[in-house]
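In this note's numbering, the protein residues as written are 24 to 325.
Each residue gets a CB set at the ideal place from its N, CA and C atoms; glycine is no exception.
To start, the structure under review is shown below, and the notes come after it.
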Amino acid sequence: MAFTLRQLQYFVAVAEQGSITRAAQNLSISQSSITEAIKELETDLGVELFERHPRGLHITYNGHQFLRHATKILADVSDARRSFSDEKAVNAGKLHLGVTSLVAGYVLSDLLARYRRAHPGVEISAIEDNGSYLEHLLVGGELDVAVMVISNLRDRMALQAEIIETSPYRLWLPLGHPLVSADIISINDIAKEPLIMLTVDEIEENTGKLLTALGARPHVAFRTRSVEAVRSLVATGAGIALLPDLVYRPWSLEGDRIESRDVSGALPVVQVGMVWRKGSSLPQAARDFVGIAEALRSGRNR
């Protein structure tokens with residue numbers, strides 16, 4: 024039996040939520056329906072997509088690989104349906120886009136792919152830089168819109184922002200670390216460990232403020248601008264990391280497992296959003312781009 028789109032939807036929901044219970048709640052269906060669909064999908068593919076354990080589910084390496092295909096299939100189907108329901112004029116125009124480095128690899132790629140399929144005639148020029156410089160370009164009218172971390176947006180008087188994704192901070196640990204099996208992880212537990220610090224898009228600043236506010240003085244073992252370096256260092260036991268869930272992946276490039284755990288306490292979140300200049304008349308190409316981002320956000324929230 025070939026797998027169905029419904030099975031793919033259920034699989035993606037469980038992979039994103041990390042829990043059959045939460046996936047069932049988001050989809051408004053029974054847990055048994057999701058469990059049955061996942062089992063049928065695993066039987067059809069001949070691989071295990073999730074590891075079952077008392078604390079919930081962990082996506083396997085095969086599951087992680089299949090997730091990329093499943094997400095693309097569902098996106099293609101959504102685009103195909105929209106092509107018949109939308110009355111599109113001939114696409115034309117230009118889109119001047121800005122993006123911060125952290126967002127480029129985790130939000131923009133899917134968003135831009137959807138936009139290109141919907142509006143192939145639009146000429147897109149994009150620049151990647153830090154948030155403060157992108158704000159400067161937006162205020163100056165050199166960019167139409169930027170996709171960036173907006174948690175610390177500086178010029179809120181001149182710029183308008185709309186959230187498209189919210190990501191909580193979580194703790195990254197190597198497989199076998201003592202904290203992996205802890206029922207509750209506190210900030211004090213983290214302060215005792217060597218910390219791998221990511222230094223892009225104000226993440227280092229945010230993490231430092233977070234730990235200082237909670238009274239913890241971390242021992243920073245390594246600073247890097249590379250998320251992949253953070254994954255490799257954590258996976259091999261060089262330290263732990265406290266990062267937004269947005270950039271979490273369960274495997275390093277070397278294929279080593281990385282665990283992710285909640286930390287007790289009221290931790291901040293990272294907000295990713297669309298930003299443009301207040302009062303400006305956005306060109307049609309930019310309005311279409313914002314519209315696709317809003318549709319993608321609505322799809323995630325269903």
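Residues bridged to residue i [DSSP beta-bridge criterion]
i, result
"residue 92", "In DSSP, residue 92 forms no bridge with anything."
"residue 121", "150 and 169"
"residue 296", "171 and 186"
"residue 283", "195"
"residue 243", "218"
"residue 312", "BP columns for residue 312 are empty, so no partner."
Cut-off 7 Å between Cβ atoms - residues of its own chain near residue i, not counting five sequence neighbours on either side
i, result
"residue 30", "60, 63 and 64"
"residue 181", "162, 300 and 301"
"residue 316", "134, 187 and 297"
"residue 307", "116"
Reduced DSSP secondary structure (H/G/I, E/B, other) of residue i
i, result
"residue 271", "coil"
"residue 113", "Because residue 113 sits at a pLDDT of 47, beneath the cut-off of 50, its placement in the model cannot be relied upon, and the following sentence gives the value as read from the coordinates. Of the three classes helix, strand and coil, the one that applies to residue 113 here is coil, per DSSP."
"residue 191", "strand"
"residue 205", "coil"
"residue 72", "coil"
"residue 142", "coil"
"residue 176", "coil"
"residue 87", "helix"
"residue 159", "helix"
"residue 264", "strand"
"residue 213", "helix"
"residue 334", "The requested residue 334 is not part of the displayed model; the chain covers only 24 to 325."
"residue 63", "helix"
"residue 26", "coil"
"residue 325", "With a pLDDT of 49 at residue 325, under the threshold of 50, the modelled position of this residue cannot be trusted; read the value that follows with caution. Note: residue 325 maps to coil in three-state DSSP."
"residue 252", "helix"
"residue 181", "coil"
"residue 231", "helix"
"residue 317", "helix"
"residue 305", "coil"
"residue 101", "helix"
"residue 58", "helix"
"residue 37", "helix"
Beta-carbon contacts of residue i that lie in its chain and below 8 Å, excluding the five residues immediately before and after
i, result
"residue 281", "195, 196, 197, 198, 254, 257, 258, 271, 272, 273, 274 and 275"
"residue 228", "175"
"residue 35", "90, 93, 94 and 97"
"residue 102", "137, 140 and 141"
"residue 200", "260, 263 and 282"
"residue 222", "246, 247 and 248"
"residue 183", "298, 299, 300 and 301"
"residue 251", "275 and 276"
"residue 26", "63, 64, 67 and 68"
Sequence-distant residues of its chain with Cβ nearer than 6 Å to residue i (five each side left out)
i, result
"residue 111", "Since pLDDT at residue 111 reaches only 48, below the 50 mark, its modelled position is unreliable, and the value read off the structure follows with that caveat. Nothing meets the Cβ criterion."
"residue 166", "119, 121 and 160"
"residue 320", "187"
"residue 286", "194 and 208"
"residue 269", "129 and 190"
"residue 217", "242, 244 and 262"
"residue 313", "297"
"residue 81", "74"
"residue 284", "194 and 208"
"residue 38", "82 and 90"
Whole-Å CB distance - residue i paired with residue j, under 8 Å assumed
i, j, result
"residue 266", "residue 226", "7 Å"
"residue 71", "residue 85", "7 Å"
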